[in-house]
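S.K.: In this note's numbering, the protein residues as written are 481 to 591.
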Amino acid sequence: MPIQYYIYLALALFSIGIIGVLTRRNAIIVFMCIELMLNAANLLLVAFSQMHQKIAYAANPAATNGIEAQLFVFFIMVVAAAEVSVGLAIIVMLYRNTRSVDINFLNRLKN
481 MPIQYYIYLA LALFSIGIIG VLTRRNAIIV FMCIELMLNA ANLLLVAFSQ MHQKIAYAAN
541 PAATNGIEAQ LFVFFIMVVA AAEVSVGLAI IVMLYRNTRS VDINFLNRLK N
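#1: What is the DSSP secondary structure of N506, counted as helix, strand or coil?
#2: Given a cut-off of 9 Å, decide if L524 and I487 are closer than it, judged by their beta-carbon atoms.
#3: May I have the straight-line CA-CA distance separating A538 from Y485, to the nearest angstrom?
#4: Is the Cβ-Cβ distance between I556 and L586 less than 9 Å?
#5: First and last residue of the alpha helix (DSSP H) that includes I556?
Written as structure tokens, this is what we have:
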């Protein structure tokens, strides 16, 4: 499949994520939109890694070039998992304190 399809899909996912972060007030939806943006970046990293690996394999079948981006994706997924656990804990504490997951209530937590 051509690399342009992956770029268009990642662009659409990232755009949906940005629009969701900028327009929504629900903390859970904003959190999901941030994860959507991370997944769009991961998709591009894997697609470009695969393309680079095919080019390197054509030049030298014993080459292992192009795997580095896939390792970055693995580390991004580990960081995203940690982010999910911390973020959901913050959202649960926000709900316990304010009985709402509206982001505008975060200003009330300053006092």
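Backbone N, C-alpha and C define an ideal beta-carbon position, used for all residues, glycine too. The structure presented is a predicted model; accordingly, all values stated were derived computationally and were not measured.
M.R.: Well, looking at it:
#1: Your numbering for residue 506 matches position 26 in the sequence shown. N506: strand per DSSP, three-state reduction.
#2: Here residue 487 corresponds to residue number 7 of the sequence shown, with the count starting at 1. Here residue 524 corresponds to residue number 44 of the sequence shown, with the count starting at 1. Yes, these two residues count as a Cβ contact at 9 Å.
#3: Here residue 538 corresponds to residue number 58 of the sequence shown, with the count starting at 1. Here residue 485 corresponds to residue number 5 of the sequence shown, with the count starting at 1. When rounded, the distance between both Cα atoms is 22 Å.
#4: Here the question's residue 556 lines up with position 76 in the sequence shown. Here the question's residue 586 lines up with position 106 in the sequence shown. Not in contact: I556 and L586 (Cβ atoms no closer than 9 Å).
#5: Locating residue 556 in the sequence shown gives position 76, counting from the first residue. Looking at the DSSP string, the run of the alpha helix (DSSP H) that includes I556 is E548 to T578.
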